[in-house]
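Engineer: In the working numbering, the protein residues as written are 5 to 117. Glycine is no exception: its CB is placed at the ideal position from the N, C-alpha and C atoms. One structure, pasted below without further comment.
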């Protein structure tokens, strides 16, 4: 009976730990949406404006399509932020989100280019 009791307690503690990890991951995804997405969009608009030419007019349709592509999924927002050096890998380590970013890239790998 004691073994069953300790096993049940271990399972409950393990499930509680999984819940904590899931909440941290959800907060990380919200942080991407609230903090990084506006910075990525501003950077994309500035980049398109800077690279405008007759060959690449980067008009409003191009801007909307590019913003839609990069902001459609959280993994793409994070990828764009890393590529454009808005954040660094060190920032992910410092905020404790390196593992969350790896998990996000794995879960949404079909949306990455």
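1. According to the Cβ coordinates, are residue 48 and residue 71 closer than 9 angstroms?
2. Taking residue 44 as the reference, give the member of 106, 94, 87, 14 with the closest Cα.
3. Please state whether the Cβ-Cβ distance between residue 104 and residue 28 is less than 9 angstroms.
4. Between the C-alpha atoms of residue 6 and residue 23, what's the straight-line distance to the nearest angstrom?
5. Mapping DSSP to helix, strand and coil, what is residue 60?
Structural biologist: Inspection of the coordinates gives the following:
1. Along the chain shown, one-based indexing puts residue 48 at 44. Along the chain shown, one-based indexing puts residue 71 at 67. In this structure, residue 71 lies closer than 9 angstroms to residue 48 by Cβ.
2. Your numbering for residue 44 matches position 40 in the chain shown. Closest option to residue 44, Cα to Cα, is 87.
3. Here residue 104 corresponds to residue number 100 of the chain shown, with the count starting at 1. Here residue 28 corresponds to residue number 24 of the chain shown, with the count starting at 1. Yes.
4. Position 2 of the chain shown, counting from 1, holds the residue named residue 6. Position 19 of the chain shown, counting from 1, holds the residue named residue 23. The straight-line gap from Cα to Cα measures roughly 26 angstroms.
5. The sequence position of residue 60 within the chain shown is 56, counting from 1. If DSSP states are grouped into helix, strand and coil, residue 60 belongs with coil.
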